[in-house]
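Note sheet for the following structure.
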Amino acid sequence: MSSRRQWSGSTDDDPACSIERSLQIFGERWTFLVLREIFAGRHKFAEIQSSLGIASNLLSTRLKLLVESDVLCTQTYQEPGNRPRKSYQLTEAGRELRLTLAALQQWGDAHRTRPSGPSALRRTRQDGRPVHVGFLDDEGREVPDSDVLMLVNTHPAGEADRPDVAPQA
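Residues 0 to 168 (numbering that gives the first Met the number 0) make up the sequence shown, in order.
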C-alpha cells in the first residue's frame, strides 16, 4: 500500500464527497486537455498552448492549479539566448490520472462516436492487444460493472473498511 500525501489545501470545510473534491481541481474542461498534452510529451507552456489553441491566461490558471494541487511540478529549463522558463512534469498523483483519461476516452468512444472512429487506441506495449478500463478486485480479477456497489462509508477514519450493505446475490 502506497502512502498518499494529503493535499495541503484541504480543510474541514471541504466537501465530504471525493468526487466533488476532485471536481474542484478537474471540473473545468481545459484541465484534462492540458493533462492529455502533457501525457503526450508536451511539457512547455508554448507547446501546450499551440497544440490546444487555449488563451495564455486560461492555460496559466490551469497549470497553476495543477501545480498547487500536486498533480504537476515544474522544472526550470533554458534554451540558448532565452530567459529561464518552466516545464511541467507529472507527479505521482498526476501519473495516476492516466487511467481517468483512458476511462473518459473509452466512454467517449462508446457514447460520443465519430464517423472516422476513435482518435487514439489503447493497446498493450508487448503485443498490441486492445485494452479497456474496468474494475478490478483486490486480487486483480476484473469485476463486471453490474457487480460493483458504491457504498457510503459510515465509519470514521481509522476503522477498517467494511461494507454496510451485504453483497447482492
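All C-beta atoms in this analysis are idealised placements derived from N, C-alpha and C, irrespective of residue type, glycine included.
- In the three-state scheme derived from DSSP, where H, G and I count as helix and E and B as strand, T75 is classed as strand.
- Contact between E141 and L148 is ruled out by a C-beta separation of about 16 angstroms, above the 8 angstroms threshold.
- For H131, the closest of A92, A101 and V66 by C-alpha to C-alpha distance is A101.
- Shortest Cα-Cα distance from T30 to any of G40, T60 and Q74 involves T60.
- Selection A109, V70, L98 and T75 evaluated against T90 yields V70 as nearest (Cα-Cα).
- The Cβ-Cβ distance between L34 and L96 falls below 7 angstroms.
- Per DSSP, the continuous beta strand (DSSP E) segment holding S86 begins and ends at R84 to L89.
- In the DSSP secondary-structure assignment, P129 is bridged to R122.
- Under the DSSP definition of a beta bridge, F134 partners with V142.
- For K43, the beta-bridge partners assigned by DSSP are S86.
- S17 and A119 have their C-alpha atoms spaced approximately 29 angstroms apart.
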